[in-house]
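Enquirer:
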């Protein structure tokens, strides 16, 4: 029997970006906050700093100065289990077209307060 791929048929449109601060809203780490380390739209998962820690057995490697033993590192979490942290807590993301100095650009906006989330 063939093994099923954990990939989606087409990539999800994920509004979160690297270095966003997110809050976990479901699962064993509910309530924790962390910075997004990576986003994978093909699997619909993100890697959050300090969330969903898993133990990995590491083999010693003297050439790379790796001691070996049991190490903890982050495992991916599904994007539906997190929300971006806005000024008043977890919030949804809304898109807005903004005109600045004759330039038109789309920005991410906090759905609760309307505050712009993109810093650039």
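Numbering (this note's numbering), first residue to last: -1 to 118. Built from N, CA and C at the ideal position, the CB exists for glycine as well. Since the structure is predicted, the reported quantities are computational estimates derived from the model, not experimental observations.
1. Compute the beta-carbon to beta-carbon distance between residue 49 and residue 16, rounded to the nearest angstrom, for a pair I have assumed lies under 8 Å.
2. Have a look at residue 5 and residue 64 and give me their C-alpha separation to the nearest angstrom.
3. Compare the beta carbon distance of residue 92 and residue 69 with 8 Å and say whether it is the shorter of the two.
4. Contact defined as beta carbons within less than 8 Å: I believe residue 54 pairs with residue 71. What is the distance between those atoms, to the nearest angstrom?
5. DSSP beta-bridge partners for residue 3?
6. Name the DSSP beta bridge partners of residue 36, please?
7. Could you tell me which of 114, 95, 52, 96 sits nearest to residue 82, measuring between CA atoms?
8. If you draw a straight line from the C-alpha of residue 167 to the C-alpha of residue 79, how long is it?
Expert: Let's see:
1. As a position in the chain shown, residue 49 is number 51, starting the count at 1. As a position in the chain shown, residue 16 is number 18, starting the count at 1. Rounded, the Cβ-Cβ distance is 15 Å, inconsistent with contact.
2. Along the chain shown, read from residue 1 onward, the residue named residue 5 stands at position 7. Along the chain shown, read from residue 1 onward, the residue named residue 64 stands at position 66. Going by the C-alpha atoms only, they are around 32 Å apart.
3. Here residue 92 corresponds to residue number 94 of the chain shown, with the count starting at 1. Here residue 69 corresponds to residue number 71 of the chain shown, with the count starting at 1. Cβ atoms of residue 92 and residue 69: not closer than 8 Å.
4. For the purposes of this step, residue 54 is taken as the residue at position 56 of the chain shown. For the purposes of this step, residue 71 is taken as the residue at position 73 of the chain shown. Correct: roughly 6 Å between the Cβ atoms.
5. As a first step, residue 3 must be located in the chain shown, where it is residue number 5. Bridge partners of residue 3: none, in fact.
6. The residue labelled residue 36 in the question sits at position 38 within the chain shown. Looking at the DSSP assignment, residue 36 forms a beta bridge with 45.
7. Here the question's residue 82 lines up with position 84 in the chain shown. Comparing Cα-Cα distances from residue 82 to each of 114, 95, 52, 96, the minimum goes to 114.
8. Because the chain in this structure spans residues -1 to 118, residue 167 falls outside the shown range and cannot be described.
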